[in-house]
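Sequences listed follow chains A and B, in order.
Going letter by letter, the first sequence gives residues 1 to 384 in my numbering.
Going letter by letter, the second sequence gives residues 1 to 384 in my numbering.
Glycine included, each C-beta is placed from N, C-alpha and C at the ideal position.
Treat the numbers as computed from the prediction; the structure is a model and nothing was measured.
Structure record follows, encoded as C-alpha cells.
There are 2 protein chains.
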Amino acid sequence: MQNFQFYNPVRILFGKGQIAAIAREIPAGARILLTYGGGSIKANGVYDQVKAALAGRPLFEFGGIQPNPRLETLLRAVELVRKEGLDFLLAVGGGSVLDGTKFIAAAVHFQGNPWDIVAKAAPVRTAVPLGAVLTLPATGSEMNCFAVITKWETREKLPFECPLVYPRFSVLDPETTFSLSLRQIGNGIVDAFVHTIEQYMTYPVNAPLQDRLAESILQTLIEEGPKTLAHPRDYDVRANLMWCATLALNGLIAAGVPQDWATHMIGHELTALHDLDHAQTLAVVLPALLEVKRDTKRAKLLQYAERVWKIHSGQPEERISAAIARTRGFFEQVGLPTRLSAYGVGPDTILLVADRLQRRGWVGLGERADITPAQVREILERSA
Amino acid sequence: MQNFQFYNPVRILFGKGQIAAIAREIPAGARILLTYGGGSIKANGVYDQVKAALAGRPLFEFGGIQPNPRLETLLRAVELVRKEGLDFLLAVGGGSVLDGTKFIAAAVHFQGNPWDIVAKAAPVRTAVPLGAVLTLPATGSEMNCFAVITKWETREKLPFECPLVYPRFSVLDPETTFSLSLRQIGNGIVDAFVHTIEQYMTYPVNAPLQDRLAESILQTLIEEGPKTLAHPRDYDVRANLMWCATLALNGLIAAGVPQDWATHMIGHELTALHDLDHAQTLAVVLPALLEVKRDTKRAKLLQYAERVWKIHSGQPEERISAAIARTRGFFEQVGLPTRLSAYGVGPDTILLVADRLQRRGWVGLGERADITPAQVREILERSA
Numbered sequence: 001m002q003n004f005q006f007y008n009p010v011r012i013l014f015g016k017g018q019i020a021a022i023a024r025e026i027p028a029g030a031r032i033l034l035t036y037g038g039g040s041i042k043a044n045g046v047y048d049q050v051k052a053a054l055a056g057r058p059l060f061e062f063g064g065i066q067p068n069p070r071l072e073t074l075l076r077a078v079e080l081v082r083k084e085g086l087d088f089l090l091a092v093g094g095g096s097v098l099d100g101t102k103f104i105a106a107a108v109h110f111q112g113n114p115w116d117i118v119a120k121a122a123p124v125r126t127a128v129p130l131g132a133v134l135t136l137p138a139t140g141s142e143m144n145c146f147a148v149i150t151k152w153e154t155r156e157k158l159p160f161e162c163p164l165v166y167p168r169f170s171v172l173d174p175e176t177t178f179s180l181s182l183r184q185i186g187n188g189i190v191d192a193f194v195h196t197i198e199q200y201m202t203y204p205v206n207a208p209l210q211d212r213l214a215e216s217i218l219q220t221l222i223e224e225g226p227k228t229l230a231h232p233r234d235y236d237v238r239a240n241l242m243w244c245a246t247l248a249l250n251g252l253i254a255a256g257v258p259q260d261w262a263t264h265m266i267g268h269e270l271t272a273l274h275d276l277d278h279a280q281t282l283a284v285v286l287p288a289l290l291e292v293k294r295d296t297k298r299a300k301l302l303q304y305a306e307r308v309w310k311i312h313s314g315q316p317e318e319r320i321s322a323a324i325a326r327t328r329g330f331f332e333q334v335g336l337p338t339r340l341s342a343y344g345v346g347p348d349t350i351l352l353v354a355d356r357l358q359r360r361g362w363v364g365l366g367e368r369a370d371i372t373p374a375q376v377r378e379i380l381e382r383s384a
Numbered sequence: 001m002q003n004f005q006f007y008n009p010v011r012i013l014f015g016k017g018q019i020a021a022i023a024r025e026i027p028a029g030a031r032i033l034l035t036y037g038g039g040s041i042k043a044n045g046v047y048d049q050v051k052a053a054l055a056g057r058p059l060f061e062f063g064g065i066q067p068n069p070r071l072e073t074l075l076r077a078v079e080l081v082r083k084e085g086l087d088f089l090l091a092v093g094g095g096s097v098l099d100g101t102k103f104i105a106a107a108v109h110f111q112g113n114p115w116d117i118v119a120k121a122a123p124v125r126t127a128v129p130l131g132a133v134l135t136l137p138a139t140g141s142e143m144n145c146f147a148v149i150t151k152w153e154t155r156e157k158l159p160f161e162c163p164l165v166y167p168r169f170s171v172l173d174p175e176t177t178f179s180l181s182l183r184q185i186g187n188g189i190v191d192a193f194v195h196t197i198e199q200y201m202t203y204p205v206n207a208p209l210q211d212r213l214a215e216s217i218l219q220t221l222i223e224e225g226p227k228t229l230a231h232p233r234d235y236d237v238r239a240n241l242m243w244c245a246t247l248a249l250n251g252l253i254a255a256g257v258p259q260d261w262a263t264h265m266i267g268h269e270l271t272a273l274h275d276l277d278h279a280q281t282l283a284v285v286l287p288a289l290l291e292v293k294r295d296t297k298r299a300k301l302l303q304y305a306e307r308v309w310k311i312h313s314g315q316p317e318e319r320i321s322a323a324i325a326r327t328r329g330f331f332e333q334v335g336l337p338t339r340l341s342a343y344g345v346g347p348d349t350i351l352l353v354a355d356r357l358q359r360r361g362w363v364g365l366g367e368r369a370d371i372t373p374a375q376v377r378e379i380l381e382r383s384a
C-alpha cells in the first residue's frame, strides 16, 4: 500500500425529505446565493422545497450554469456575490452546477485572473463556504473538492482541486432524481463506473481492501444501473445508484493506490472540441484504452474479469478481451454508444486531441505516465 | 435504504514516517498533553518519534491509561489539563488510550459530574481538540467519535458518543504495530471483524453497496489476519489490517442500514465483571448470538455464508450452521478461545450479566430490540 492522506469533511444528508434540513446547516444570518442550471429544478419541485426551507432568509439567485460549466458565465456570478456581499453559496443541481459553484467560491476573494485557479493551479487562500442539493447522481462533486471548468472562448476544459471548496453539506434525496431523463441517468452510471475504474485499473500494490471496495461499487452499478433505467421511480434502486456515484469519487477508493485518469484527460478534449456529454466521452475512450494498455494493466484486468464479470474460463488474454467487451456492452446497455462515429466525430479529431494534450504538456498520461501521444492516437483510432 | 447522515472530519495520515507530520497538524503555540498507556511506546520507539516531532513545544505527559480506560485515572488527567491550561491532547497508543483521551477532552470544560457524560449521555458543549497516533489496529477509535469508559468502582463499562471528540488527525503508521504481541493482534482482528458484523448481520434493506463494503472488510480480515500473525513484520499485510480496522468503525458501513451491537453490550458486561479482553468477549458471544438469532438474521446469514465463506452447497440451515462454525473457527485460528470456560468464567456469571443488562434498562437488545433477558441467558449458556 502507498502512503496516503485521507480527509473528507462533507456532511451527507441522505434520503427522502432531507432538503428541509438545509435550514439548520446554513449559518443563521448568512446572505445566500442559490445557484442552479437550466431551470429543471423549477419543474420538478426541488426549487420550491429549497425556497420553503429558506423562507424569510436573504436569498439571491443565479441560474443558467451550463453543463460543462463555463468560466464566462461563472464570472458573472462572482460579480454578483461581490456586489451583494453574499457569504454562502447553495448549489442546487447536478455536477456541473456544483463544480461551477466551487469555482465561484474560490474566485470571489481571489486576487488576479480567476482562470489561473484552473489553468495554473494558482493557490486559493480563502473561499466562500458552500453547500449542495444534488439532483443528478454522477460526478461525485457533492463529496469532494474537485471541479472541472470550461473556458468557452478557447474551448479548454480543465480540472482544479482545492480543499477549501469541499461542500459543508450535501443533500442527496433520491426522489429529486426521478424526473431525470434516461440519457442523464445512463450518463451518471457510466461516469461513476469510469471514476471507479480510474482508481482501480492500474497495477497491484497489495491493497486488497481498496480493490474490493472499488469492485463493490462496480458490481453494484452493473446490478442497479439497468434496473434504475427500467424503473426510474424505484426509490431504493435510485438511492443505490446515488450512493455509488458519491463513493466512486470521494477519495476513499483512491487512498493508498495508484490512479490513472487518462480516460478523463482524453475525454475532456472530446467534450471541449465537440460538446459531447462527459460520460459519452468516457464510454468511447475507456474500452479502447484498456485494449491499448492491456499489457501494463494485465494483473488488474484479470482480477476485474474474474471478480466483477465472473469470467473464470479461457486463456488469460481471452479473459481480458471478454472483460473489455463486457465493459463496452455495459455502456451500450445503459444507452451510451462507445464509438466516435456514433456521435458524428470523424478521424480529423484524432490528431487534434493528441496535439492539444501534447501542447498542454500532459503526456505521458496514466498511472505510469507512459501513454504517449502516439498511444492517444491509437486509443482514439480504436474508438473510431 | 434508510435515511442517514454521514459526517467524518478526521484527517488520516497513513504510512511509514507519518509521525513527523504531526508537527504541522497541531496548532502553533498549543500547550499539548501527550497521553499514553503502560509505556510500550517508550520501548518501541514511538515515544521518541513523537518527542522529536514536537521538539521545543510545550509538552506535558500523562501515562498509565489502562486497557478499558478507567474513569478514576482519566479524572486525574482532567485535573492536570485544567491546572496547566493545556489546550491540545495527543493520544499515543491503542483504542483504550484514544477512548480515554476523548473522555478527557469532553470532561475538561464539563460542568457537573463528568461520569454523567457516559452514564446519562449528558450533552457536551465544548471539548479540547485532540489528535492521535495509533499503535494498535482494532477499535476504530482513530476515526470516529465514540469511546467506551469503565468506572472501576462499580465495574461499569459504558459507551459514549460526541461529535466534538473526533480526532483532528490520526497517524496510522503500520510500523508502529510491529512490536505488538500476537494476542494483541489477534484481538484486533476479531474486534474489527465483529464491528463489521454488528453493522451487517441484521436484515436486508436493499442496500447492496453497504453490504458489499462490509463483506469487503470481512473477506480482507479473513485473508490478511492469519498472514499478519504468521509474519508480524510484513508491512503491507499489517497496513491492510490497520486500514480494515479503521473502516470497520468510521460510520461508512453503518450509513443507511440497521445495526445490532448486542454482542458488544453483552461483551462489555463480561469485561466489566471479569476483566476479559474486549475482543475475547466478542469471540465468545458472537457465534452463540448468531445461533440464537438465526431466524431473524436468516437472509443475511445466508448471504454471509455464500459471499464471505463461499459456502454454496447444502440446505439453507446447513449453510447457516457452516457459516457460524467457520466464524468460530476463524476466531480460534487467530488465537481467541470462543468459550467462557476457556477464560475461567463459570455459569454463575450468566444470570448476573442478564440481570445487569436488565437493570440498566437495556433490553431488548439488537437491531429489532427483541433480544430478551431470557435470550441473553441462552446466548451465554451456548457460549459456556
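Query raised in the report: On the premise that Ser40(B) lies in contact with Pro69(B), defined as a C-beta separation below 8 Å, what is that separation, rounded to the nearest angstrom?
Result: Position 69 of the second sequence, counting from 1, holds the residue named residue 69(B). Position 40 of the second sequence, counting from 1, holds the residue named residue 40(B). In fact, because the Cβ distance is near 15 Å, the residues do not count as touching under 8 Å.
Query raised in the report: Can you pull the DSSP bridge partners for Leu34(B)?
Result: Along the second sequence, one-based indexing puts residue 34(B) at 34. Paired residues: Glu61(B), Leu90(B).
Report task. Could you name the residues of chain B that Glu332(A) contacts, counting a contact when the two beta carbons are closer than 9 Å? Result -> Position 332 of the first sequence, counted from the first residue, corresponds to residue 332(A). None at all; the shortest Cβ gap to chain B is about 23 Å.
Query raised in the report: How is Tyr235(B) classed by DSSP in three states: helix, strand or coil?
Result: Within the second sequence, residue 235(B) is the residue found at index 235, counting from 1. Here Tyr235(B) sits in helix by DSSP.
**Report entry** Completely contained beta strand (DSSP E) runs for the segment 130 to 181 of chain B, where each covers 3 or more residues
**Finding:** 130 to 134, 146 to 151, 156 to 161, 169 to 172
Query raised in the report: Which residue from Ala43(B), Gly38(B), Ile26(B) puts its Cα closest to that of Pro58(B)?
Result: Walking along the second sequence from the start, residue 58(B) turns up at place 58. Cα-wise, what sits closest to Pro58(B) is Ile26(B).
Query raised in the report: Would you call the segment 164 to 172 of chain A and the segment 199 to 210 of chain B touching, i.e. three or more CB-CB distances under 8 Å?
Result: no
Query raised in the report: How many Å lie between Arg238(B) and Ala342(B) at the Cα?
Result: Indexing the second sequence from 1 puts residue 238(B) at position 238. Indexing the second sequence from 1 puts residue 342(B) at position 342. Looking at the two C-alpha atoms, the distance is approximately 28 Å.
Query raised in the report: Less than 7 Å separating the beta-carbons of Gly225(A) and Ile189(A)?
Result: For this step, residue 225(A) is matched to residue 225 along the first sequence. For this step, residue 189(A) is matched to residue 189 along the first sequence. Their beta carbons are under 7 Å apart, which means Gly225(A) touches Ile189(A) by this criterion.
Requested in this report: Note down, in chain order, each residue of its chain lying with its Cβ closer than 6 Å to the Cβ of Ala255(B), except the 5 sequence neighbours on either side.
Outcome: Residue 255(B) sits at position 255 when you count from the first residue of the second sequence. Phe4, Phe6.
**Report entry** Interface flag, Cys162(A) vs chain B, CB-CB below 7 Å
**Finding:** Within the first sequence, the letter at position 162 stands for residue 162(A). Chain B, which has no Cβ nearer than 7 Å to the Cβ of Cys162(A), makes this no.
Requested in this report: Assign Ala127(B) to one of two classes, buried (16 or more other C-beta atoms within 10 Å of its C-beta) or exposed (fewer than that).
Outcome: One-based indexing of the second sequence puts residue 127(B) at position 127. Flag for Ala127(B) reads buried.
Query raised in the report: Going by C-alpha distance, which of Lys102(B), Leu282(B), Glu306(B), Glu72(B) is nearest Arg155(B)?
Result: Sequence index remark: in the second sequence, residue 155(B) carries index 155 (1-based). It is Glu72(B).
Query - Proximal chain D residues relative to Gln358(B), where beta-carbon distance stays under 9 Å - result: Within the model displayed, chain D is absent; protein chains A and B are what it includes.
Query raised in the report: How about Met201(B): is its C-beta nearer than 7 Å to some C-beta of chain A?
Result: By 1-based counting over the second sequence, the position of residue 201(B) is 201. No, because no Cβ of chain A sits closer than 7 Å to the Cβ of Met201(B).
Requested in this report: Give the DSSP-derived three-state secondary structure of Pro9(B) in the structure shown.
Outcome: Looking up residue 9(B) in the second sequence gives position 9. DSSP places Pro9(B) in strand when its eight states are reduced to three.
Query raised in the report: Residues in its own chain within less than 7 Å of Phe193(A) by CB, not counting five upstream and five downstream?
Result: Taking the first sequence and counting its residues from 1, one reaches residue 193(A) at position 193. The residues are Leu218, Leu221.
Query - Residue range of the unbroken alpha helix (DSSP H) whose run includes Asp370(B) - result: The count along the second sequence starts at 1 and reaches residue 370(B) at position 370. That residue, Asp370(B), is in no alpha helix (DSSP H); it is neither H nor E in DSSP.
Query raised in the report: Are the segment 257 to 275 of chain B and the segment 338 to 353 of chain B touching, with three or more C-beta to C-beta distances below 8 Å?
Result: yes
Query raised in the report: Which stretch, first to last residue, makes up the alpha helix (DSSP H) that contains Met265(A)?
Result: Counting from 1 along the first sequence, the entry for residue 265(A) is found at position 265. From DSSP, the alpha helix (DSSP H) with Met265(A) extends over 262 to 274.
Query - Asp48(B) - containing alpha helix (DSSP H), residue span - result: Against the second sequence, residue 48(B) aligns to sequence position 48. From DSSP, the alpha helix (DSSP H) with Asp48(B) extends over 46 to 53.
Requested in this report: State yes or no: is the beta carbon of Arg212(A) nearer than 7 Å to at least one beta carbon in chain B?
Outcome: Position 212 of the first sequence holds residue 212(A). By this cut-off, Arg212(A) is an interface position.
Report task. Spell out a yes or no on whether the segment 316 to 336 of chain B and the segment 242 to 259 of chain B are touching, meaning 3 or more CB-CB pairs, one atom from each, closer than 8 Å. Result -> no
Requested in this report: Give the DSSP bridge partners of Phe4(B), in chain order.
Outcome: Counting from 1 along the second sequence, the entry for residue 4(B) is found at position 4. Per DSSP, Phe14(A).
Query raised in the report: So which residues on chain B does Ala239(A) lean against when the C-beta distance must stay under 9 Å?
Result: As a position in the first sequence, residue 239(A) is number 239, starting the count at 1. Ordered by position in chain B, the residues that pass the 9 Å Cβ test against Ala239(A) are Met1, Asn206, Ala207, Gly256.
Query raised in the report: Hey, does Arg377(A) have any beta-carbon neighbour from chain B nearer than 7 Å?
Result: By 1-based counting over the first sequence, the position of residue 377(A) is 377. Chain B contact via Cβ: absent.
Requested in this report: With 7 Å as the threshold, decide whether the Cβ of Cys145(A) is near any Cβ in chain B.
Outcome: Along the first sequence, read from residue 1 onward, the residue named residue 145(A) stands at position 145. No, its Cβ sits nowhere closer than 7 Å to a Cβ of chain B.
Query raised in the report: Which one or two residues does DSSP pair with Arg70(A) in a beta bridge?
Result: Your numbering for residue 70(A) matches position 70 in the first sequence. Thr150(A).
Query raised in the report: Between Leu138(B) and Val124(B), which are expected to be in contact by the criterion C-beta below 8 Å, what is the C-beta distance as a whole number of angstroms?
Result: Walking along the second sequence from the start, residue 138(B) turns up at place 138. Walking along the second sequence from the start, residue 124(B) turns up at place 124. Residue identity differs from the one stated: residue 138(B) is Ala in this sequence, not Leu. That belief does not hold up - the Cβ atoms of Ala138(B) and Val124(B) are roughly 25 Å apart, past 8 Å.
Requested in this report: Can you give me, in chain order, the residues of the segment 164 to 186 of chain B that have a beta carbon less than 8 Å from any beta carbon in chain A?
Outcome: none
Requested in this report: Report the three-state DSSP secondary structure of Gln280(A) (helix, strand or coil).
Outcome: Taking the first residue of the first sequence as 1, we reach residue 280(A) at position 280. Three-state DSSP puts Gln280(A) in a helix.
Report task. For the alpha helix (DSSP H) holding Arg125(A), just list the boundary residues, first then last. Result -> If you number the first sequence from 1, residue 125(A) lands on position 125. Counting along the chain, Arg125(A) falls outside any alpha helix (DSSP H), and DSSP gives it neither H nor E.
**Report entry** C-beta neighbour in chain A for Leu249(B), strict 7 Å
**Finding:** Here residue 249(B) is taken as the residue at index 249 of the second sequence, counted from 1. With 7 Å as the cut-off, Leu249(B) does not count as an interface residue toward chain A.
Report task. Note the first and the last residue of the continuous alpha helix (DSSP H) segment covering Lys102(A). Result -> Numbered from 1 along the first sequence, position 102 holds the residue referred to as residue 102(A). Per DSSP, Lys102(A) belongs to the alpha helix (DSSP H) from 95 to 107.
**Report entry** Partner residues on chain A for Thr135(B), Cβ-Cβ distance less than 8 Å
**Finding:** Indexing the second sequence from 1 puts residue 135(B) at position 135. Those within 8 Å of Thr135(B) in chain A number zero; the least Cβ separation is about 17 Å.
Query - Spatial distance of Asp355(A) from Arg24(B) (CA atoms) - result: Taking the first sequence and counting its residues from 1, the one referred to as residue 355(A) is at position 355. Taking the second sequence and counting its residues from 1, the one referred to as residue 24(B) is at position 24. Straight-line Cα distance between these residues: approximately 42 Å.
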